[in-house]
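Student: Each number in the numbering used here comes from the position in the sequence shown (counting from 1) with 5 added on. For glycine and all other residues, C-beta sits at the position ideal for the given N, C-alpha and C. Keep in mind it's a predicted model, so treat the numbers as computed, not measured. Before I ask anything, let me first share the structure, which is written out below as structure tokens.
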Amino acid sequence: MTTVKQLGIIILLSFGVAFLIYKWHPKSPALYLVAGQLRPDEVTLNQVLKLEKEGGVVWIDARKGLDYQKGHVEGAFLLNEQEDFFALLEPIWAKLQNLSDLPFVVYCGSESCVASRKVADKLRDSVGIAEVYILSGGDEVLRKSGLIN
């Protein structure tokens, strides 16, 4: 076998292995995402900061309780899918009802995290909060901006 053939086989095998790793890795990036395209219920950090200046927002942390304890946005409430959502909701129910006229912003651990979407859906469907947004970029953008203490 010539050196060129061996090199070609090695390159082909490398691409095959790289593709398989990408396909099955839980945190593989979505190749189809285009910067700036948000779903209707998603907001950027700049949009949230503008809402906060205009009248305030209610922050909801959809990460695990341990991550919440390590650091969260000041004043954020912990509500997540990994633990019992309604058990976490019960002690803060009255506070959330008093704040229900404000927009709610839910964030989780990363851009690809689905926990914030699940919590936002529960806030809309089960709790009856009308204005619920999902922070694009998750806690990564909050850490970069220094909002997670």
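Based on DSSP bridge pairs, tell me the residues matched to Leu83.
Tutor: Numbered from its first residue, the sequence shown carries residue 83 at position 78. Asp66.
Student: Quickly, what does DSSP pair Val48 with across the bridge? List them, please.
Tutor: Translated into the one-based positions of the sequence shown, residue 48 becomes position 43. For Val48, which the question treats as bridged, DSSP gives the partners Leu140.
Student: Should Val78 and Ile153 be called a contact, given that it needs their Cβ atoms to be closer than 8 Å?
Tutor: Here residue 78 corresponds to residue number 73 of the sequence shown, with the count starting at 1. Here residue 153 corresponds to residue number 148 of the sequence shown, with the count starting at 1. Their beta carbons are under 8 Å apart, which means Val78 touches Ile153 by this criterion.
Student: Once you ignore the five residues that flank Tyr45 on each side, which residues in its own chain have a CB closer than 8 Å to its CB?
Tutor: As a position in the sequence shown, residue 45 is number 40, starting the count at 1. The amino acid at residue 45 is misidentified as Tyr; the sequence shows Pro. There are no such residues.
Student: Is it the case that the Cβ atoms of Gly70 and Leu83 are separated by a distance below 8 Å?
Tutor: Residue numbering aside, residue 70 sits at position 65 when the sequence shown is read from its first letter. Residue numbering aside, residue 83 sits at position 78 when the sequence shown is read from its first letter. Against a cut-off of 8 Å, the Cβ pair of Leu83 and Gly70 comes out as a contact.
Student: Taking 8 Å as the cut-off, does the stretch 16–29 touch the stretch 50–67 (at least 3 CB pairs, one atom from each stretch)?
Tutor: Taking 8 Å as the limit for Cβ pairs, the verdict is that the stretch 16–29 does not touch the stretch 50–67.
Student: Can the beta-carbon of Glu86 be found closer than 8 Å to that of Lys123?
Tutor: Numbered from its first residue, the sequence shown carries residue 86 at position 81. Numbered from its first residue, the sequence shown carries residue 123 at position 118. Contact flag set, yes.
Student: Alpha carbon to alpha carbon, how far is Arg148 from Gly21?
Tutor: Position 143 of the sequence shown, counted from the start, is the residue given in the question as residue 148. Position 16 of the sequence shown, counted from the start, is the residue given in the question as residue 21. Between Arg148 and Gly21, the C-alpha separation is close to 35 Å.
Student: Evaluate Val119 with the Cβ neighbour count: other Cβ atoms within 10 Å of its Cβ, from every protein chain shown; 16 or more gives buried, anything less gives exposed.
Tutor: Position 114 of the sequence shown holds residue 119. By the neighbour-count rule (16 or more Cβ atoms within 10 Å), Val119 is not buried but exposed.
Student: Short of 8 Å in beta carbon distance, which residues of its chain neighbour Gly60, apart from the five on each side in sequence? Order them along the chain.
Tutor: In the sequence shown, the residue the question calls residue 60 occupies position 55. Leu107.
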